[in-house]
Structure formats: C-alpha cells, structure tokens
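Working notes, beginning with the structure itself.
2 protein chains.
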Amino acid sequence: MKKPKVPQPKPGGPTQKGQCAKRVSILDAAAEVFCREGFAGASIDEIAMEACVSRQTVYNHYREKETLFMAVVQDILDRANAALFSILATFPDNGDNLEDELTAFAVRLNKNCVCNHDGKFIRKLVQTEGERYPHLFEIWREQGPGKIGTALAALFARLSHVARLEIDDFDLAAKQFLALVNADLQMISFFGGTPTDEELEKSARAAVRTFLRAYGRPPAREAGGVEELREETA
Amino acid sequence: MKKPKVPQPKPGGPTQKGQCAKRVSILDAAAEVFCREGFAGASIDEIAMEACVSRQTVYNHYREKETLFMAVVQDILDRANAALFSILATFPDNGDNLEDELTAFAVRLNKNCVCNHDGKFIRKLVQTEGERYPHLFEIWREQGPGKIGTALAALFARLSHVARLEIDDFDLAAKQFLALVNADLQMISFFGGTPTDEELEKSARAAVRTFLRAYGRPPAREAGGVEELREETA
DNA sequence: GTAAAGTTAGACACCATTGTCTAATTCGTC
DNA sequence: GACGAATTAGACAATGGTGTCTAACTTTAC
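So the protein sequences, as listed, match chains A and B.
The numbering of the first sequence is this note's numbering, which starts it at 1 and goes up by one.
The numbering of the second sequence is this note's numbering, which starts it at 1 and goes up by one.
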C-alpha cells in the first residue's frame, strides 16, 4: 500500500533539516522551470535536475505535477505578499519633501515587489496559466493588485491630511500612481533584464513628478511667490 | 521522394480561393490554441480540429509546428501594426476640446490595439515565449510599444504647438499617457473579459483628466490673461 | 551500531504528441 | 465527364513525458 509520505514540517522532528532543505530546493527549482517553460513545457526531470534531487524525491514530496505547481504558486504568493506589506509600511506619513519621499517609496516598491523575481513570476504565471486555473487568477487579483490598490488608496488618504495633495478619488489616484510608476519598468522587466538602480530611480522620479503635477497643490501662495512646482529648476 | 508542397499563394492560380481560405482558417485556429495553451501545450491535432481541417493539411501548409507558430506571430503582428497606424492617424490635431478628443482617441486606441484579440495575444505571447524566442521579443519591442511610444511622442509634439500643453519631454509624456490610459484596462483584459464601452470610456476619461492636470496649461485666467500663446482656432 | 526513514538510479507501463506515409476522396477547372 | 491538385482519415514509428515500482544506498536518531 501507499504510505502517505506527505512530509509535514514537524517542529523539532527528525531529519527535518534535510527534508526541509530538499523541499525548498525543489520549490525553487520548480518555480524557475515553471516560469521559464510554462506548466505544459516544464518537465519533472528538468526540475529534479535543477534541484539536484532525484525525480522520485520530487514525487515523494509533491504527489504529482499539479500539486507541485500549486505549492509553487502558494509559496511565491506568500512571499510576495509579505514583501508587499513590509514595503507598504514605509509609505511616507508626512508632507515634508514629498517628491523625494514618494520617489524613494516608488523605488522600494518596484525593487522589492514589481521588478523582483517573484513579481515577474507571478505576472507571467497569471498570464500564462490564469485561463487554465481560474482559481489562481482570482486569488491573485484579490491578494495582488487588488490588495495593493486599496492599501495604497488608504495610504494616500492618510497622506493627504498632512501634505499638499488634492485628491478626490483615492482609489483612482492609487491606481494611477502605480501605473505611472510602472510605465517603463514593466517593459524592461518583461524580458530577462532587471532594471538598474539608476533606471529605477529615474523612472520613479519622473512618475512622481507627473503625479504631483496632477495631484499636488502648489506651495502656498500667501508667501508671495507664485512659484509653481514645475518651474523649480531655477 | 518528398515533393515540396509548400503552397505559395500564386496570384490568380488555380484553387487559390479554397487554399487561401484553409490557410487563414488554420492560422486563426492556431492563434487561438497557441494563445490558450502556449507553444508547448498546443497540439497540432487540436489546431486542426478547431480549423475544421485534417492534420495532414496543416502539415502541408506549414511544414512543422515551429513554422506554423512563426507564421501566426507574423500574421498577428502585421495585423496589429496596421490597426495601430490607422488609429494613430486619428490623433487630435488641434486644441479644441482637448479632453474629449484625447479621451476619444484613448478609447479608440484601447479598443482596437490594446484590449482587442490581437493585442491580448501579442502580450501573452511575448511573455510566455519571449524567453525561448528572443527574436520574437525583439521585433515586438521594435514594432510594438517602441513604435507606439515614439509615434505618440511625435504626435504630442505636434499637438503641443496648437494646444495648451506644457510638455518638456515628449517621450516621457507619451509613455505616461499610455500608462495612465492602461491603468485599469490591463488588468481587466488580462483574463477573458473584454471591457465594456462604458468601462473604456470611464477609464480613458480619468486617465486623460489626470494627464491634462499634469501637462495642460490652465485655461487663461479671465482677468490677468496669461494668454501669450493663445492661438486658439476660433 | 542499528534501525528507520529518506534518497537515489534505473527500469517500467502508459499515454500524448510529432511528423510521415498511403490510399481513398473531394474539389476546381477545362 | 475527366483530369490533376488538394484534402482526408487512418495507420505508423519515434520521441518524450508522467507516474509507479524496486532494490540499493545514505542520512539521521537513538
């Protein structure tokens, strides 16, 4: 009979370290191969080879290809979610130096959530396999851009209380902020290349400048100078 | 021996109509299946069935799977390119009613180039198979967003001569215009659903409003008349 | 050391797919 | 109607993938 070998990580259990190491090794390799070849194109042999593990071990840990695939998705989604929240926590909370702060935030967001390995994988995955696994598409929309959108909207609402921002629709503003921030990055990170730090910075600053031109109130007129934001190169 | 049966469309040749019809039928079906299943997941049998054609006929027209795939790509790329140019030709060329004109243009662009069948296919294709066929990725970047970006930049430059626009970097503005215009559509058209006309309109208007808030000069203040460049076509 | 668990390579049946081949059939044109 | 070209269904070998099994091997816990 088949012994159900599903190895659940028992805390302090025996051989846990070795097993666990293999598990993540398989998971990483599988993510790599699934991302490169798609679900249909990926072969278990290839994954096993890339993980430096025998094919049988793969089958021992994850009953079949489908199971492995789902585990990979879950894993990446969790990681990406954690990264997203840790970055959202750094959203500026005061109006000082708005352009610099928002730019730095946008860079962090792009670097750790959008242009990184996991972000690329998720986007590719959803696009390639979303049709075949509608469930996958749904949880992505809930946990991914949906969550980031509403969270950002709330943050902009908070920020608008203490900064010179004139936003009537926070959801829309959040979406547009994201769109601007990803304007060129999306394409750059489409293929292999990860954008350099300079590219990230430049792109983020351009996006934030435009965003603030649209949504930023000009600095108080009472000071006399009708100095517009866009003319500050003087 | 093998007779090279590559059927080239001879102008006025015999049985051309039937052949041609089958060719496009195969091409369409192949596009559908490749898009749905990816290159690896698509089977020639499935394509043949969907095209209402025998498998052998597929092999008669396109020697092998790879050839068929390339033909599909070329076909879609050509069609998409033609559509893109025909839409770009409708870019507003005067400053009257800028918001409405730009909104209508954005709607046309999205409807005919971004959210339509071909647009979706190309994006999916590039993302799934771009790594395997770097050539594909290159010609897409040249003919796709690259071309659209520079073309739009030129159009904005033209427009800025006759409209209240304050753009210093036309390339950047074009990219940001596209980004804003696609802010929510991208996601909607990610999965099956094509956005409705109302969604298209609403999304385009929001994008254009933000774009004009960032790049539009405010209409002349009635009293102080900042009308130095007011060449408005009555 | 020993025993139990996990791992490995390899063989295996099974299935889907590609691409070829053939013989029968249909289609378009004269 | 007759001819040639295109199309069709089906059989076919070859390939490569999945998932199972087994027998040897290694690691880990005690």
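The beta-carbon is built from N, C-alpha and C at its ideal position, and this holds for glycine as well.
Chain B within 9 Å of residue i, Cβ atoms only
i, result
"Thr-194 of chain A", "no"
"Lys-65 of chain A", "no"
"Asp-169 of chain A", "yes"
"Leu-109 of chain A", "no"
"Gly-224 of chain A", "Low confidence applies to Gly-224 of chain A: its pLDDT is 45, below 50, so where it sits in the model is not reliable, and the reading given next is rough at best. Taking Cβ atoms only, chain B never reaches closer than 9 Å to Gly-224 of chain A, which makes this a no."
Chain B contact residues for residue i, given Cβ-Cβ distances below 8 Å
i, result
"Lys-124 of chain A", "Gln-127 and Thr-128"
"Gln-56 of chain A", "The premise fails here: Gln-56 of chain A is roughly 24 Å from chain B at the closest Cβ pair, so nothing lies under 8 Å."
"Gln-176 of chain A", "Leu-180, Ala-183, Ala-206, Ala-207 and Thr-210"
Contact set between residue i and chain A, taken where Cβ atoms lie within less than 8 Å
i, result
"Gly-41 of chain B", "Gly-38, Phe-39, Ala-40 and Gly-41"
Neighbour-count burial assignment, residue i, 16 or more Cβ in a 10 Å radius
i, result
"Asn-110 of chain B", "buried"
"Val-24 of chain B", "exposed"
"Cys-52 of chain A", "exposed"
"Cys-20 of chain B", "exposed"
"Asp-197 of chain B", "exposed"
"Glu-101 of chain B", "buried"
"Thr-103 of chain B", "buried"
"Pro-218 of chain B", "exposed"
"Phe-177 of chain B", "buried"
"Ile-61 of chain A", "The sequence shown places His at residue 61 of chain A, rather than the Ile named in the question. His-61 of chain A comes out buried."
"Phe-85 of chain B", "exposed"
Chain A contact residues for residue i, given Cβ-Cβ distances below 9 Å
i, result
"Glu-142 of chain B", "In chain order: nothing, as chain A lies at least about 12 Å away."
Residue i: contacting residues in chain B (beta-carbon distance under 9 Å)
i, result
"Asn-182 of chain A", "Ala-179"
Interface partners of residue i on chain B, CB under 7 Å
i, result
"Ala-214 of chain A", "Thr-210, Arg-213 and Ala-214"
"Lys-147 of chain A", "Going along chain B, no residue has its Cβ under 7 Å from Lys-147 of chain A, so there is no contact; the nearest lies around 13 Å."
"Leu-172 of chain A", "Ala-206"
Residue-chain proximity (residue i, chain A), Cβ-Cβ < 9 Å
i, result
"Ala-204 of chain B", "no"
"Glu-131 of chain B", "yes"
"Leu-98 of chain B", "no"
"Cys-20 of chain B", "no"
CB-CB length for residue i against residue j, believed under 8 Å
i, j, result
"Thr-128 of chain A", "Gly-38 of chain A", "5 Å"
"Cys-115 of chain B", "Thr-210 of chain B", "Actually they do not touch by this definition, with Cβ atoms about 20 Å apart."
"Ile-148 of chain B", "Leu-77 of chain B", "Their Cβ separation, rounded to whole angstroms, is 13 Å, which puts Ile-148 of chain B and Leu-77 of chain B out of contact at 8 Å."
"Leu-88 of chain B", "Ala-30 of chain B", "With a Cβ gap of about 28 Å, Leu-88 of chain B and Ala-30 of chain B do not count as contacting."
"Val-73 of chain B", "Glu-50 of chain B", "In fact, because the Cβ distance is near 18 Å, the residues do not count as touching under 8 Å."
"Ala-207 of chain B", "Leu-180 of chain B", "4 Å"
"Arg-158 of chain B", "Asp-93 of chain B", "7 Å"
"Ala-214 of chain A", "Ala-214 of chain B", "4 Å"
"Leu-27 of chain B", "Ala-83 of chain B", "Rounded, the Cβ-Cβ distance is 17 Å, inconsistent with contact."
"Ala-204 of chain A", "Val-107 of chain A", "5 Å"
Using 8 Å as the Cβ pair cut-off and three pairs as the minimum, do the stretch 97–104 of chain B and the stretch 133–151 of chain B touch? no
Touch check for the stretch 163–179 of chain A and the stretch 160–173 of chain B: three-plus C-beta pairs under 8 Å? no
When you compare the stretch 37–51 of chain A with the stretch 79–87 of chain A, are there three or more beta-carbon pairs, one atom per stretch, that lie closer than 8 Å? no
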